[in-house]
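Q:
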Amino acid sequence: MVLTLSILTLNIWGIPFISKDKDIRVHAISDHFANSDYDIISLQEVWSEYDYNKIRNRVAERFPFSHYFYSGVVGSGLCIFSKHQILSAFFHHWAVNGYVHKIQHGDWFGGKGVGMCKIKVQDQIINFYISHLHAEYSKKCDDYMTHRIIQAFDTAQFLETTRGECSLQILAGDLNTEPQDLAYRVLLSTAGMKDAYEQKRSSFFATHEYKNNTYTPKEVVNGKDGIRIDYVLYRSGSDYDCEVEEYNLPLLDMIPEHNISYSDHEAVHTRISFRKKEKRSSRELDRTALTDNIKNLKECITTCKNSLKALESHRRSYSMMAIGLVVILINILEISPAYGFKTIYFIVKFLIVGMTIFFAFMASLWNVMEKHGILSGKLAMEIALKRDEAVLNESS
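If you want it as structure tokens, here you go:
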């Protein structure tokens, strides 16, 4: 018997007080879901619990099962709605997740990671995953490339470890990485996942910075259609055949009566069918895929090594700045400000003390935390590399 799943993923851009027209868009998104025929919906950037409950209440009749993945300071922003019963849920938090002091980016406060729900579709078990990798923010100076690579590899390891005897694995979310990027390549090659778009594409689909999206700045378009960073990835169980029947972007039109887009991202929809094989067959070794994964892992390890060297340089710089400020602070303590300058003197001392604490924190606790996070990812990559090289050598 053939089973079919209709899956949608969308980054709703739901940052309270910042995202434009959020309430209008959340209401329109909820209405669309309530009148849809999707089986499973994966949402990212649902940063407000109020918005999650609003969507859940609106779609409860059509999607009786749902789960929000709580994490970090403001929540992971990840949630799943399903027509089918959710049997269990688990959230895996990443070791490296941006920087606490870069408040304008905020990824660290979200406590990002990968969420997993076991979903029962008739008599089959589906492992459904949702994730939202760290944003790039700047192509010219990508401070988060190593973090994103480790997050992608960690997610791939999580997919591999939790595969079990499920009929189908699906990862749907905003991965903040383009198909040519290392994070995307290592995620697919390490976990053996396939990109639904690659199986059913007829033309290029931009899921972010789309030229016709009302929230895409004109200077970003510059003759480009946009970029593809939102995905539905899948892998069938060893006893199952799987096929992508449909792939499209269902919310390209504007919200009726408002003339605005549903989000600054485009929703991705795919329909996947799977069925049990008549005869059990063993997977043959794909030497090309194995070789590609070895190459990707080596590139990842090199990136981690470079980041560890940079971390040591940052530690020395922060330490020197902290020591320098301590020296300045000691010297100005003996100063007796003239009348009328006491307030300014107090503010200067307060700022110097604050900066000293910040630089000392970055040189010690934060440096060690980030170092250990990168080392954890690097060592896991080296284990995977040795394993794949051994398999490749044995098959020669």
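Each residue of the sequence shown is one higher than the last, beginning at 1 in UniProt numbering.
We put the beta carbon where it would ideally sit given N, CA and C, even for glycine.
1) Entirely within the region 14-60 and at least 4 residues each: give me those alpha helix (DSSP H) ranges in chain order.
2) Within 8 Å, do at least three Cβ pairs link the region 37-48 to the region 6-20?
3) Mind listing, in chain order, the continuous beta strand (DSSP E) runs of no fewer than 3 residues lying wholly within the region 143-181?
4) Give the single residue among Leu-187, Thr-161, Val-232 whose Cα lies nearest to the Cα of Asp-174.
5) What three-state label does DSSP hand Ile-126 in the structure shown?
6) Assign Val-73 to one of two classes, buried (16 or more other C-beta atoms within 10 Å of its C-beta) or exposed (fewer than that).
7) So, Val-377 versus Ile-150, is the Cβ gap smaller than 8 Å?
8) My assumption, with CB atoms under 8 Å, is that Lys-112 sits in contact with Ser-76. Please give the rounded CB distance.
9) To the nearest angstrom, report how far apart Leu-365 and Val-96 are at their CA atoms.
10) I'd like to check one pair, Arg-271 with Thr-4: are the Cβ atoms closer than 8 Å?
11) How do the region 287-296 and the region 308-326 stand: do at least 3 beta-carbon pairs fall below 8 Å, yes or no?
12) State yes or no: is the C-beta of Thr-177 within less than 8 Å of the C-beta of Ile-130?
13) If you check the beta carbons only, do Val-244 and Lys-298 fall under 8 Å apart?
14) Asp-285 by DSSP, collapsed to three states: which one?
15) So Ile-383 is in the alpha helix (DSSP H); what residue range does that whole segment cover?
16) Just the Cα atoms here: how many angstroms apart are Ile-170 and Phe-17?
17) Rounded C-beta distance between Thr-343 and Met-145? I'm assuming under 8 Å.
A: On the basis of the data shown:
1) 22-34, 49-59
2) yes
3) 168-174
4) Counted from its first residue, the sequence shown places residue 174 at position 174. The option with the nearest alpha carbon to Asp-174 is Val-232.
5) Reading the sequence shown from its first residue, position 126 is the one you call residue 126. Three-state DSSP puts Ile-126 in a strand.
6) What you label residue 73 is simply residue 73 of the sequence shown in a count that begins at 1. When all chains shown are included, Val-73 counts as exposed.
7) For the purposes of this step, residue 377 is identified with residue 377 of the sequence shown, where counting begins at 1. For the purposes of this step, residue 150 is identified with residue 150 of the sequence shown, where counting begins at 1. Looking at the sequence itself, residue 377 is Gly, so the reference to Val does not match. Yes, these two residues count as a Cβ contact at 8 Å.
8) Taking the sequence shown and counting its residues from 1, the one referred to as residue 112 is at position 112. Taking the sequence shown and counting its residues from 1, the one referred to as residue 76 is at position 76. Right, their Cβ atoms sit about 6 Å apart.
9) Position 365 of the sequence shown, counted from the start, is the residue given in the question as residue 365. Position 96 of the sequence shown, counted from the start, is the residue given in the question as residue 96. So the alpha carbons of these two residues sit roughly 14 Å apart.
10) Working through the sequence shown from its first residue, we reach residue 4 at position 4. Working through the sequence shown from its first residue, we reach residue 271 at position 271. In this structure, Arg-271 lies closer than 8 Å to Thr-4 by Cβ.
11) no
12) In the sequence shown, counting from the first residue as 1, residue 177 sits at position 177. In the sequence shown, counting from the first residue as 1, residue 130 sits at position 130. No, Cβ-Cβ distance for Thr-177 and Ile-130 is not below 8 Å.
13) Reading the sequence shown from its first residue, position 244 is the one you call residue 244. Reading the sequence shown from its first residue, position 298 is the one you call residue 298. Going by C-beta atoms, Val-244 is not nearer than 8 Å to Lys-298.
14) Along the sequence shown, one-based indexing puts residue 285 at 285. Correcting the residue type first, residue 285 is Leu in the shown sequence and not Asp. It is coil, neither helix nor strand.
15) Within the sequence shown, residue 383 is the residue found at index 383, counting from 1. Its alpha helix (DSSP H) spans residues 365-395.
16) Position 170 of the sequence shown, counted from the start, is the residue given in the question as residue 170. Position 17 of the sequence shown, counted from the start, is the residue given in the question as residue 17. If you take the alpha carbons of Ile-170 and Phe-17, they lie about 32 Å apart.
17) Translated into positions along the sequence shown, residue 343 becomes position 343. Translated into positions along the sequence shown, residue 145 becomes position 145. Not a contact, Cβ separation roughly 44 Å.
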